[in-house]
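Accompanying notes for the structure given below.
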Amino acid sequence: MPGRLDDAILMTTWRFHPLNDAALLAEVTPADDAANRLVLALAARLDQATPGGVLETVPAFNTLLVCFDPMHTSHAALIERLQALCAQLMPVPRMPGRVVDVPVRYGGEDGPDLSEVARRLGLSEAEVVRLHCTPIYRVLFLGFAPGFPYLGPLPERLRLPRRATPRTRVPAGTVAIAADMTGIYPAPLPGGWHLLGRTPLTLFDPQAVPPTLLQPGDGVRFVPLAEGVLP
């Protein structure tokens with residue numbers, strides 16, 4: 253269970269923005285780890301006890317999209333209810349309750365940027381892999397493509413800006429880093445992140461229930477694989 257509110261949580265501010273006749277955006281500032289933990293907590297609260305008229309919630313890093321039926325509630329009524337909820341909201345714990353181990357084959361054809369990342373950071377390839385596998389990351393949100401998890405925070409020692417020139421195709425299962433996040437490409441997609449390795453896990457299957465392997469708020473622990481594991 254989360255403990256008392258820390259200073260970062262106490263410094264946050266909620267704002268509510270009507271988007272259209274049937275949607276509202278709840279925003280927490282500043283956009284930091286504390287904001288993400290509050291967004292995930294509000295999403296969980298609304299999923300557990302959905303207020304009348306609320307149809308769906310979609311969390312992002314520091315915002316929560318709330319879709320509702322305008323025949324059953326209004327922007328003003330919903331904002332009033334959300335303000336009451338947020339006034340007593342406790343953030344989700346820093347340590348996720350559900351942790352998924354993600355096996356990764358680092359380097360080689362599966363991680364073509366590993367050597368360049370190591371060189372730019374002044375580390376060995378083994379040190380990059382060790383640092384990348386050390387934390388339990390939180391799924392901050394899903395976006396960009398179905399099942400793509402934005403994971404963080406990335407260790408400061410591994411932080412690099414996005415590549416100057418994006419690739420037109422990154423293979424499914426590729427594990428990559430950019431800025432203060434790491435992620436996993438769920439399908440062959442264009443992308444500008446640094447590619448460290450690849451996992452055999454399927455991140456998105458439209459026939460599965462749920463269709464995404466990872467959900468916002470889950471934990472992810474990367475585990476290095478031996479050579480020759482991936483096809």
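So in the working numbering, spot 46 of the sequence shown is number 298, and the numbers just go up one at a time. Heads up, the beta-carbon is just placed ideally off N, CA and C, and yes, glycines get one too.
Whether residue i touches residue j by CB criterion (8 Å)
| i | j | result |
| --- | --- | --- |
| L448 | V422 | no |
| G469 | P282 | no |
| P405 | L466 | no |
| V354 | V472 | yes |
| H327 | L277 | no |
| G425 | T451 | yes |
| P442 | P418 | yes |
| L375 | L392 | no |
Supposed close pair residue i, residue j - CB separation, criterion 8 Å
| i | j | result |
| --- | --- | --- |
| A370 | V356 | Actually they do not touch by this definition, with Cβ atoms about 16 Å apart. |
| R297 | V344 | R297 to V344, Cβ: 10 Å. No contact. |
| A287 | N314 | 4 Å |
Classification of residue i by the beta-carbon crowding that lies within 10 angstroms, buried from 16 upward
| i | result |
| --- | --- |
| R409 | exposed |
| A460 | exposed |
| G304 | exposed |
| M263 | exposed |
| A295 | buried |
| D365 | buried |
| R346 | exposed |
| L271 | exposed |
Beta-carbon proximity list for residue i, same chain, < 7 Å, skipping 5 on both sides
| i | result |
| --- | --- |
| P476 | V356, Y358, V381, C385 |
| L307 | C319, F320, D321 |
| D457 | P463 |
| I299 | According to the sequence provided, residue 299 is Asp. The question's Ile does not apply to it. Excluding sequence neighbours, D299 sits near T309. |
Inter-residue spacing [alpha-carbon to alpha-carbon] between residue i and residue j
| i | j | result |
| --- | --- | --- |
| H324 | F396 | 31 Å |
| A516 | P463 | What is shown of the chain runs 253 to 483, which leaves residue 516 out entirely. |
| R267 | M433 | 25 Å |
| A301 | I388 | 29 Å |
| T420 | L394 | 21 Å |
| D362 | A428 | 10 Å |
| M342 | A336 | 13 Å |
| A312 | S367 | 32 Å |
| G399 | A430 | 18 Å |
| A378 | F474 | 14 Å |
Cβ neighbours of residue i in the same chain (closer than 8 Å, five flanking residues each side left out)
| i | result |
| --- | --- |
| L373 | V380, R409, L410, L412 |
Chain-order list of residues whose beta-carbon lies under 6 Å from that of residue i (same chain, five-residue window excluded)
| i | result |
| --- | --- |
| L338 | In the sequence as presented, Leu is not what sits at residue 338; that position holds Cys. Taken in chain order, the residues that qualify are W266. |
| V310 | L317 |
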